[in-house]
Amino acid sequence: MNRNGLCAKLVLILSLSIIPAIASFTHADARTYICKSNPDYFSKRCTIHPYAVTKRVDGQDHKGHLVGCQFKTYTCIDGICRDNYGFAEIPFEFSMDDYAGFCSLLCRNPECFDPDGWQ
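The numbering used here puts the first residue of the sequence shown at 31, with every later residue one more than the last.
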């Protein structure tokens, strides 16, 4: 086998072994919540990527969540959720561990009226 063929096989083997590891690492922490009463696939889902965003302020790292729901995404750090493609800034005062709280706060088109809320 020539050298180019050997290199191509090595690259293929490494790619096939590394890609699943990267994919599982980047999506391992994502959490999807469902509101059963919302009418369609997109309005009933809220996905949170905990501590996926880092913002550096005065030399300090501030970690926050990336929240996606109903065709919008938000970055939530230090008590404020900012619309990633707009100008909205929505304050929050609950724990960063209250993932369903982020869904209730941000996914409001339509709101979740299910008695069980976001699960």
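Heads up, the beta-carbon is just placed ideally off N, CA and C, and yes, glycines get one too. Since the structure is predicted, the reported quantities are computational estimates derived from the model, not experimental observations.
Please classify residue i as buried or exposed, where buried requires at least 16 other C-beta atoms within 10 Å of its C-beta.
{"i": "F117", "result": "exposed"}
{"i": "F143", "result": "exposed"}
{"i": "Y115", "result": "exposed"}
{"i": "F170", "result": "Not covered by the structure: residue 170. The range shown for the chain is 31 to 149."}
Taking Cβ positions, are residue i and residue j nearer each other than 8 Å?
{"i": "R99", "j": "C76", "result": "Position check: residue 99 holds Cys in this sequence, whereas Arg was assumed. Yes, Cβ-Cβ distance for C99 and C76 is below 8 Å."}
{"i": "S125", "j": "W148", "result": "no"}
Please identify the residue among the options whose C-alpha is closest to the C-alpha of residue i.
{"i": "R86", "options": "Y71, T103, D108, F101", "result": "D108"}
{"i": "D70", "options": "G147, Y81, P145, N139", "result": "N139"}
{"i": "Y81", "options": "K74, D113, V97", "result": "V97"}
{"i": "F72", "options": "Q149, G147, K102, T84", "result": "K102"}
What does the alpha-carbon distance come out to for the pair residue i and residue j?
{"i": "D162", "j": "C137", "result": "In the structure displayed, the chain extends from 31 to 149; residue 162 sits before or after that span and is not available."}
Original post:
Is there contact here, the region 63-78 with the region 86-94, by at least three beta-carbon pairs under 8 Å?
Top reply: no
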